[in-house]
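Here the sequence shown is numbered in the numbering used here, starting from 355 and rising by one per residue.
Where is the CB? At the ideal position from N, CA and C, for every residue including glycine.
Everything numeric in this text was worked out from a predicted model, so none of it was measured.
Written below as structure tokens is the structure these notes are about.
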Amino acid sequence: MYVNIGIYGQPRLTQSFDEEESSSNTVAEKIKTLEGYLREVKGFQMLCSDSQQNAAEFWEMFDAALYDWLRAKYDCKVSIPSVFEKVYAENRTK
């Protein structure tokens, strides 16, 4: 399964009037839930958007061995950030 859904930002207003429900269902949490489902069904997330997955979850979805082999072959392990470093949402807030 491949998913290419754009989820951008957090809406200013929510449809829910339940404070607890609104605060516990952030966009980031919804994305993390979707990413978890994709890992369960052996699916993939498109890498043009932020990811809420940690490194272990991310590499469960993608083939780290092949990726590391290619980075070594083309000698870019030091000069170019990894794809995980580029898409991990926490890296964008630093």
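Notebook entry, point to check: Skipping 5 residues on each side, what residues in its chain have a beta carbon closer than 7 Å to that of Glu439?
Noted result: Only Asn445 meet the Cβ criterion.
Next item on the list: State the Cα-Cα distance for the pair Ala418 and Gln399, rounded to the nearest angstrom.
Entry: Between the alpha carbons of Ala418 and Gln399 lies a gap of roughly 15 Å.
Next item on the list: Just list the alpha helix (DSSP H) runs in the region 376 to 421, keeping only unbroken ones of 4 residues or longer that don't cross its boundaries, in chain order.
Entry: As far as the region 376 to 421 is concerned, its whole alpha helix (DSSP H) runs of at least 4 residues are 381 to 394 and 409 to 415.
Notebook entry, point to check: What does a CB cutoff of less than 7 Å around Phe412 pick up in its chain, not counting 5 residues either side in sequence?
Noted result: Setting aside the 5 residues that flank it on each side, Phe412 is surrounded in the same chain by Ser405 and Phe438, each with a C-beta closer than 7 Å to its C-beta; the list follows chain order.
Check: Can you list, in chain order, the residues of its chain whose CB lies under 8 Å from that of Thr387, leaving out five sequence neighbours each side?
Finding: Excluding residues within five positions, none has a Cβ falling inside 8 Å.
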